[in-house]
Each structure stands twice: as C-alpha cells, then as structure tokens.
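2 protein chains.
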Amino acid sequence: MIDIQQATELVLASARSFGTEKVPLQECLGRILAQDMAADRDFPPFHRVTMDGIAILGEAYESGLRTFPLQGTQAAGAPQLSLNDKAGALEVMTGAMLPAGADTVIRYEDVKIEHGQATIVEGAAVKTGQNVHLQGTDRRQSDIIVKAGAPLSPAELGVAATVGLSHLYVQRMPRAVIVSTGDELVPVSAAPAPYQIRTSNAYTIQAALRQWGAAAELLHISDELEATRAELKRCLQAYDFILLSGGVSKGKFDYVPAALTDLGVKKHLHKVKQRPGKPFWFGELPGQCTVFALPGNPVSSFMCTQRYVGPWLRKCLGQPAFPGAFAMLDRDFHFRPDLTYFLQVRLYSDAESGRLMASPVEGKGSGDLANLADADAFLELPRGQDTFPKGGVYPVYRYR
Amino acid sequence: MIDIQQATELVLASARSFGTEKVPLQECLGRILAQDMAADRDFPPFHRVTMDGIAILGEAYESGLRTFPLQGTQAAGAPQLSLNDKAGALEVMTGAMLPAGADTVIRYEDVKIEHGQATIVEGAAVKTGQNVHLQGTDRRQSDIIVKAGAPLSPAELGVAATVGLSHLYVQRMPRAVIVSTGDELVPVSAAPAPYQIRTSNAYTIQAALRQWGAAAELLHISDELEATRAELKRCLQAYDFILLSGGVSKGKFDYVPAALTDLGVKKHLHKVKQRPGKPFWFGELPGQCTVFALPGNPVSSFMCTQRYVGPWLRKCLGQPAFPGAFAMLDRDFHFRPDLTYFLQVRLYSDAESGRLMASPVEGKGSGDLANLADADAFLELPRGQDTFPKGGVYPVYRYR
Chain A
4 MIDIQQATEL VLASARSFGT EKVPLQECLG RILAQDMAAD RDFPPFHRVT
54 MDGIAILGEA YESGLRTFPL QGTQAAGAPQ LSLNDKAGAL EVMTGAMLPA
104 GADTVIRYED VKIEHGQATI VEGAAVKTGQ NVHLQGTDRR QSDIIVKAGA
154 PLSPAELGVA ATVGLSHLYV QRMPRAVIVS TGDELVPVSA APAPYQIRTS
204 NAYTIQAALR QWGAAAELLH ISDELEATRA ELKRCLQAYD FILLSGGVSK
254 GKFDYVPAAL TDLGVKKHLH KVKQRPGKPF WFGELPGQCT VFALPGNPVS
304 SFMCTQRYVG PWLRKCLGQP AFPGAFAMLD RDFHFRPDLT YFLQVRLYSD
354 AESGRLMASP VEGKGSGDLA NLADADAFLE LPRGQDTFPK GGVYPVYRYR
Chain B
4 MIDIQQATEL VLASARSFGT EKVPLQECLG RILAQDMAAD RDFPPFHRVT
54 MDGIAILGEA YESGLRTFPL QGTQAAGAPQ LSLNDKAGAL EVMTGAMLPA
104 GADTVIRYED VKIEHGQATI VEGAAVKTGQ NVHLQGTDRR QSDIIVKAGA
154 PLSPAELGVA ATVGLSHLYV QRMPRAVIVS TGDELVPVSA APAPYQIRTS
204 NAYTIQAALR QWGAAAELLH ISDELEATRA ELKRCLQAYD FILLSGGVSK
254 GKFDYVPAAL TDLGVKKHLH KVKQRPGKPF WFGELPGQCT VFALPGNPVS
304 SFMCTQRYVG PWLRKCLGQP AFPGAFAMLD RDFHFRPDLT YFLQVRLYSD
354 AESGRLMASP VEGKGSGDLA NLADADAFLE LPRGQDTFPK GGVYPVYRYR
C-alpha cells in the first residue's frame with residue numbers, strides 16, 4: 004500500500020492538457036485564459052477628465068486669473084474640442100477627452116457659473132493637472148495586462164471587455180462521466196425497497212466538479228459483467244475522464260476491475276494509506292482517458308474527489324495542483340492508525356489573528372453522508388503521529 | 004456625507020425576500036435551501052455490510068468456531084437472506100443488508116474459502132459486530148438533516164438525493180439589470196473612436212453577481228433625458244434590482260438622478276466617506292425595486308459591488324450579510340485622508356500560522372481597471388488612522 008505522497012505523484016503524472024477553445028466573454032468566468040491579453044490602446048486611451056466641471060490652462064490660474072469665459076462644453080463621447088483662448092474655459096464632463104490646450108479640471112463644486120463666466124470660489128484648492136487621468140498612465144498600448152494561464156475572475160473579464168475581446172481562448176475543460184455501480188442503488192425519484200438505497204454519491208461528486216467548472220454526466224451500470232464491459236468501453240472513448248463510484252472492492256459482483264483491465268486501462272495505484280478512502284484506485288487508458296475509481300462510501304468518495312480529482316483537474320488546466328490553503332485546529336484531536344487522516348472540519352476566520360480556524364466535526368465514519376453537511380472541509384492530518392494538538396496547522400480542502 | 008457603517012445600515016435595511024421556487028436537484032448548487040430536509044428512513048436504512056466477506060454470528064466465533072459452511076450469498080440490492088444455521092456463514096457484499104441471524108462480517112482478506120467452507124485465517128482479529136453499519140446509527144427517520152436557510156454545497160445535494168428529493172425549494176434569486184450610461188461607451192466588439200471607450204464595468208459586475216448565483220442582464224442607456232426616463236421606468240417594473248454604472252455625478256448630461264426622482268425612487272444615501280466609491284448612491288422604489296447607482300470608475304464600481312451589493316443580496320437570501328473573512332497586512336501601509344480605504348490586495352494562506360495574508364497591490368487609482376486583475380480582494384482599512392502597520396487584521400472582500 005502506498006502513501007498519499009506517492010499516490011499524489013502518480014495521479015498528477017497523468018495530468019494532460021485538453022487543448023483550448025474560443026468562448027464568449029460572458030461565459031468565461033472561472034475558466035483558465037489560454038492567450039495573453041494586451042492593451043489595444045493606452046490605458047486610458049486619452050487624457051481623460053475625471054470630474055464634472057471646467058477645464059482651463061493651469062498657467063492662467065497660476066498667473067492669478069479666477070474668472071474664465073466659457074467657450075463651450077466637452078461632453079463624454081464627443082470628439083475633442085480645443086481651448087483656443089488661454090484665459091478661457093470649457094465645461095467638461097467625467098469621461099470626456101480633455102480639450103486640447105487645457106491641462107487642469109476644476110470641479111463644479113469649486114466654481115460659480117453666471118452669465119457665461121465661471122468664477123473659482125474662494126478657498127478652492129487648484130493644482131495644475133488636477134482631475135485629469137493622463138493617457139497611458141495605467142498601461143501602455145501593447146502591454147500585456149493578463150497573461151495566459153490566469154484564472155478568469157470578474158476583474159479579468161472587465162479587462163477583456165475594455166481591450167475589445169468579445170471572445171477569449173481558454174483551456175478546454177475535460178469531459179467527465181460519473182459512473183455509479185451497485186444493484187442496491189435506485190434513482191432519486193424511486194421508492195427504494197428495504198434493501199435498496201438511492202444514488203447519492205454521483206450528485207455530490209457532480210456538484211464538486213461543477214464548482215471547478217467541469218460538467219459531468221451521470222451513468223448507472225448494473226452488476227453484470229457484459230453490461231459493465233460494454234458501458235465502460237463506450238465511456239473510455241467518449242469521455243476524457245471517468246469517475247467510478249463503488250465497484251472496485253473484492254465483492255463477487257464487482258466487475259469493474261476485470262472490465263477495465265480487459266479494455267486496456269493501466270492501473271497506476273490501488274489502495275492508499277489514508278482514511279477515509281483507503282480502497283482508492285486510479286488508472287488510465289494512456290493518452291485517452293483517465294479513470295478514478297472512488298470507494299463507494301459517500302465520505303470516502305467525496306474526500307478522494309477533493310484530494311485527487313481536484314488537483315489532477317487543476318494540473319490539467321496548467322494551474323497549481325493544490326490551492327495552498329491551511330487551517331489551524333481549534334482543539335486537540337487524536338487518531339491512532341498509521342494512516343493519513345482526512346478530518347471533517349467546520350471553518351471560520353478569526354477576526355483577531357486573521358487565522359483560518361478548523362473545528363473537528365467527526366461524524367460516524369465513512370458512511371455518514373449527513374455529517375458532510377455539517378462540515379465545510381477536510382483537514383489533512385499526516386501519518387506518523389497520533390496526537391494533533393490544538394494550534395497545529397494543516398492543509399485544508401474546502402468544498403464551501 | 005455618511006460613513007460606511009451608516010451606509011451599510013441603510014443598504015441592509017432595504018433587504019427583502021424574493022420568495023421561493025422549486026428547482027431540480029442538479030441546478031441547486033450554491034442556492035439557499037428554503038425547506039427542511041428530513042431523513043425519510045433511518046440512516047443507514049438497514050444493518051448495512053461495509054466489507055465484502057462472510058457474515059456469521061459472533062457468538063459462534065467466540066465459542067471457538069473457526070470454520071463455517073457457506074450457505075449462500077447476500078448480494079447488495081437483494082432482499083435479505085437469513086443465516087439459519089448459527090454455526091454457518093453467508094457470503095456478503097459491501098452495501099448488502101446484513102442477513103437475519105448474523106451480526107458480524109469478516110472480510111475476504113481474513114478468510115480462506117475451500118469446498119464450500121470458509122476458514123478464518125490465523126491472526127485475524129474478529130470482534131462481534133464488526134464491519135456492520137447499524138441501522139439508524141447516523142440519523143433516525145424524521146430527523147432534520149439540513150435546515151432551511153442552509154447554502155447548498157455538494158454535501159447537501161448528496162443528502163437530498165439520498166432522501167429522495169429530486170427537486171428542492173430554494174430562495175428565489177432577485178432579477179437584476181446592469182445599466183451603463185455615458186455616450187463615451189461603445190460595445191465590446193466595436194472599434195472605438197479616439198474619444199470613446201468600450202463598456203467594461205458592466206461585464207465585471209455581471210461576473211461578480213454570477214459568482215453569487217445571480218443572473219443579470221445588461222443595458223446601455225444613452226445620455227438623453229427621455230430615453231433615460233423611459234428605460235429606467237421599464238427597468239423599475241421588470242427587475243428586482245438595478246445596478247447603474249456611472250451617470251450619477253454632477254455632469255450636464257447625467258439624467259439619471261432626475262429620472263429616478265421623477266419615477267418615485269426614494270434616495271436613501273448619496274456619498275460615503277470611503278475611497279474609492281465616494282459618489283455611491285442608493286435608493287429604492289419601495290417594495291418594488293432596489294437601485295444601486297455605482298460610481299463610473301471601474302475600481303469604484305467593483306468595490307461598491309463587493310461591499311454593498313453582495314451583502315445586500317446575501318441578506319435578501321436570509322444569509323449573514325458579511326462573509327466574516329479577515330486578513331493580515333504583510334507590510335506597513337499609509338493612507339492619509341479621513342476616509343475608509345478599500346485597499347486592493349493579493350491574498351495567500353500562510354502554511355506556518357494558518358493566517359490569511361494580504362499584500363497591498365495599490366494600482367494607480369480608481370480608473371486603473373488593469374490593477375484589479377493583479378489583486379484578489381479589497382481589504383477594508385478603517386477611518387481615523389493613517390498608519391496601518393504590518394500585522395494588522397482587517398475585513399476582506401475577495402473576488403477570486
């Protein structure tokens with residue numbers, strides 16, 4: 004049995020790119036940029052007025068002038084006017100081009116306008132160049148503003164709009180299918196017999212993938228060798244990765260391992276020194292399809308999704324595999340077995356210290372699906388110690 | 004001019020519920036649950052086998068028996084069998100009902116099966132009751148597992164599936180429209196004249212709303228009184244809230260304030276002691292439509308979206324208005340004016356302390372759209388001090 008470090012290496016070694024695609028701007032939130040975004044013009048593209056008021060030549064004010072004849076109005080979105088009289092002024096609106104010949108804007112609050120003349124009020128502070136956002140101050144034309152590889156937040160989408168990119172090249176998301184097995188499972192809308200339960204892991208895993216931007220279809224395969232083989236064969240061709248929930252243990256009706264082997268899937272690992280999720284199985288049809296066979300227990304399958312599938316997916320997209328989030332235990336915790344333990348915790352941010360704190364919410368084992376709803380995350384407690392004192396800091400995988 | 008505490012109170016006081024709706028399970032991620040979810044059966048619903056192996060009566064083992072004749076196989080998803088012979092065994096599969104008359108499961112790894120008999124191997128540890136998940140251990144039928152008001156993460160969706168809820172009642176999200184004004188704006192796909200710029204704030208704000216699960220339409224209104232009035236009138240009827248970007252300053256062509264007043268919108272606040280975002284305006288057509296008029300500068304409008312629109316939306320949905328996240332400044336910072344300052348920062352989690360750390364990424368003012376792409380969040384630095392030493396902890400509003 005291997006440890007989580009080895010398992011992580013094996014999983015991440017099979018990460019591969021799924022190419023790029025061109026997507027409309029408004030559908031790009033959360034995607035990974037696959038092109039550079041450059042400034043198509045200077046930022047701002049012209050000397051931009053930042054206050055409604057009047058535009059003058061600063062020299063005129065400095066030489067003592069306080070009253071300026073108004074010679075017109077420079078609206079936002081209108082071609083540039085000129086201030087022809089060095090002792091005159093133009094009214095200007097926020098967002099307008101600064102008129103040629105002017106260099107200073109005085110806001111309306113600081114002037115009094117009467118009979119076509121603007122007089123600067125007593126006590127107004129005027130500095131030459133004020134209230135003007137100079138062309139090219141923020142960025143120069145052709146500067147790279149956002150580099151390929153950036154995750155697209157609202158900020159990047161605003162930049163894309165500004166530089167005229169109505170579509171963006173982004174990393175293509177791999178196509179996934181979540182396969183549930185086990186004849187004890189019935190659909191959500193069915194009334195289960197006493198010996199049956201409803202499919203639920205598939206929904207949990209599907210939602211986790213959706214949080215990462217990946218869509219996944221759901222498929223149920225019955226406990227029958229031929230059906231298992233035929234369906235898996237189709238899935239290996241049609242999808243970039245398969246998440247199997249259940250069906251890889253030693254049961255008589257667990258046809259999955261045999262079918263996968265038959266179909267050319269290479270096993271990279273089976274069983275990891277961890278709890279939950281010890282029976283985790285991972286393999287691939289090289290270059291074609293990656294297969295995560297998750298243990299059937301709900302806590303185990305969800306934990307393996309967070310700890311292996313998420314990092315693999317991020318690496319496929321060219322991102323750091325691990326989010327690099329850490330949290331501090333807020334009370335002592337004990338765990339005896341020589342396994343990495345993924346402790347369910349509730350998280351909170353401490354207003355005094357800025358620390359992310361983790362409260363254990365233990366639950367009743369890997370079958371205790373309901374407990375996941377009381378927690379926010381898994382805290383990764385290392386092997387090789389059995390006491391985890393209050394104040395210890397560990398990696399955390401949060402799902403809300 | 005009011006401070007941010009007063010502004011927050013005024014904004015949150017206008018929060019209201021938008022009712023509930025019934026949504027298919029697979030579309031519920033991130034929504035707010037508006038019903039209790041109760042266990043329809045015990046969790047687990049039967050004594051559930053947790054390992055593939057054999058089921059026996061523990062007493063028989065305790066009395067020294069080590070070899071058990073096999074009397075059949077209890078598959079998962081099959082009706083319950085009975086262990087009629089107290090000295091016999093049944094093969095059992097993970098997820099199956101424990102056969103009546105058995106109470107203990109011994110995994111295949113610990114038995115040797117030959118000639119229809121299972122013999123427990125030397126050194127196997129067997130405890131009566133092992134590898135059985137007893138009916139009702141986790142939750143009892145009718146127990147409330149998730150309460151109304153819970154945000155729906157993958158965990159809650161798994162619970163919903165298990166208890167047979169293919170649709171859930173969730174809080175309805177308010178309908179939003181983002182209105183941009185200003186004749187200097189042209190569409191993203193247009194080639195702007197030298198005095199024009201492309202619409203961008205609307206995309207940034209729309210993406211922020213989408214992160215919170217709210218869909219928003221985009222609308223541009225030209226700088227013309229009649230058009231402004233007619234479009235705003237329609238929007239006040241058709242949407243639950245309006246976000247205006249620009250058009251509420253003192254400019255000659257800023258028809259928005261007059262049009263809103265004409266249409267019966269009550270102003271609750273205008274101008275807040277904060278930077279950026281000082282000209283923020285907020286009002287409502289009581290009980291009908293809430294209006295956020297955001298300053299036109301990109302950093303200002305985005306910051307006001309994070310600091311006022313997000314909390315208002317969360318309160319409307321019955322959630323805590325503020326996410327309660329705090330971060331620690333990783334270097335000294337100075338800010339003189341007597342205004343609450345929203346500092347753009349890049350965040351990282353410190354692996355030693357579990358602290359969320361914030362590095363200032365200042366940018367070149369409220370027009371510097373590109374700088375938002377270099378930051379992750381706004382850190383809220385209070386008024387009344389001008390030095391913010393390294394190690395200070397403040398509320399943080401993150402957008403990635």
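Keeping their order, the protein sequence lines are chains A and B.
So the first sequence is numbered by my numbering: it starts at 4 and just counts up by one.
So the second sequence is numbered by my numbering: it starts at 4 and just counts up by one.
For each residue, glycine too, the CB sits at the ideal point set by N, CA and C.
Proximal residues of chain A, C-beta to C-beta of A99/B below 8 Å: Correct list: E187 and Y198.
Residues of its chain near V399/A, where Cβ-Cβ distance is below 8 Å and the 5 sequence neighbours each way are ignored: The answer, listed in chain order, is A328, F329, A330, V348, L350, L359, A361, A380, F381, L382 and E383.
Cβ-Cβ distance between Q199/B and G286/A below 8 Å: If you check the CB distance, Q199/B and G286/A do not come in under 8 Å.
Min CB distance D45/A to chain B below 8 Å: For D45/A, the answer is no, since every Cβ of chain B falls outside 8 Å of its Cβ.
Amino acids of chain A, ordered along the chain, whose beta-carbon sits closer than 9 Å to that of F329/B: Within chain A, the residues near F329/B are S352, D353, A354, E355, S356, G357 and R358.
Test: A127/B CB closer than 8 Å to a CB of chain A: For A127/B, the answer is no, since every Cβ of chain A falls outside 8 Å of its Cβ.
Under 8 Å between C-beta atoms of A205/B and L228/B: No, these two residues do not count as a Cβ contact at 8 Å.
Paired residues, beta bridge with R110/A - DSSP: Under DSSP, R110/A takes part in a beta bridge, and its partners are G56/A.
Contacts that A262/A makes with chain B (C-beta to C-beta distance below 8 Å): Within 8 Å of the CB of A262/A, no CB atom of chain B is found; the nearest one sits about 17 Å away.
Contact between the stretch 15–25 of chain A and the stretch 317–326 of chain A (3+ Cβ pairs under 8 Å): The stretch 15–25 of chain A is in contact with the stretch 317–326 of chain A.
DSSP bridge partner residues for Y172/A (one or two, in chain order): K25/A, per the DSSP bridge assignment.
Reduced DSSP category for K367/B - H, G, I as helix; E, B as strand; rest coil: Secondary structure at K367/B: coil, using DSSP grouped into helix, strand and coil.
Same chain, Cβ closer than 7 Å to L137/A, neighbours up to 5 away in sequence not counted: Counting only residues of its own chain and dropping the five nearest sequence neighbours on each side, L137/A has a CB closer than 7 Å to the CB of H50.
Proximal residues of chain A, C-beta to C-beta of D371/B below 7 Å: Per Cβ cutoff of 7 Å: D141.
Option in P301/B, A262/B and N300/B with minimal Cα separation from V294/B: Comparing Cα positions, the closest option is A262/B.
Contact with chain A by H136/B, beta-carbon distance below 8 Å: At least one chain A Cβ lies under 8 Å of H136/B.
Residues near L73/A by beta carbon distance below 8 Å, same chain, minus five either side: So the list reads I57, G91, A92, L93, E94, I116, G119, Q120 and A121, once near-sequence residues are dropped.
Residues near L266/B by beta carbon distance below 8 Å, same chain, minus five either side: Correct list, in chain order: R232, L235, K236, L239 and L288.
Buried/exposed call for Q277/A, threshold 16 Cβ in 10 Å: Here Q277/A is buried, its C-beta having at least 16 other C-beta atoms within 10 Å.
For M331/B: DSSP bridge partner residues: M360/B and V396/B, per the DSSP bridge assignment.
Minimum Cβ-Cβ distance from Q133/A to chain B less than 8 Å: No - not a single Cβ of chain B is within 8 Å of the one on Q133/A.
Beta-carbon spacing of R143/A, D55/A below 8 Å: No, the pair does not count as a contact, with Cβ atoms beyond the cut-off.
The stretch 124–131 of chain B / the stretch 139–159 of chain B touching (three or more Cβ pairs under 8 Å): No, they do not touch.
is_contact[D426/B, chain A] using C-beta, thresh 8 Å: In the structure displayed, chain B extends from 4 to 403; residue 426/B sits before or after that span and is not available.
E355/A in three-state terms, based on DSSP: Secondary structure at E355/A: coil, using DSSP grouped into helix, strand and coil.
For V182/B, the nearest candidate out of S225/B, V191/B, P102/B and A193/B (CA to CA): It is S225/B whose Cα lies nearest to the Cα of V182/B.
In DSSP terms, what Y344/A is bridged to: Paired residues: R278/A and L384/A.
Euclidean distance between Cα positions of L160/B and A218/B: Roughly 21 Å separates the two Cα atoms.
Beta-carbon gap between I7/B and T308/B smaller than 8 Å: For the 8 Å CB-CB criterion, I7/B and T308/B do not form a contact.
Sheet register partners of W284/B (DSSP bridge): In the DSSP output, where bridge partners are listed per residue, W284/B has H273/B and A296/B.
With 16 other Cβ atoms within 10 Å as the buried cut-off, status of D257/B: Burial state of D257/B is buried, judged by a 10 Å Cβ sphere holding 16 or more other Cβ atoms.
Chain A contacts made by the stretch 67–86 of chain B, where a contact means CB separation under 8 Å: Listed in chain order, the positions of the stretch 67–86 of chain B with a beta carbon within less than 8 Å of a beta carbon of chain A are T76, A78, A79, G80, A81, P82 and Q83.
Interface partners of P385/B on chain A, CB under 9 Å: Contact note: P385/B does not reach chain A at a C-beta cutoff of 9 Å; the least C-beta distance is about 13 Å.
Interface partners of A211/A on chain B, CB under 7 Å: One finds P157 in chain B with Cβ atoms closer than 7 Å to the Cβ of A211/A, taken in chain order.
DSSP three-state assignment for E187/B, whether helix, strand or coil: Per DSSP, reduced to three states, the secondary structure at E187/B is coil, with no helix or strand assignment.
Alpha-carbon spacing of Y311/A relative to G167/A, whole angstroms: Taking the Cα positions, Y311/A is about 38 Å away from G167/A.
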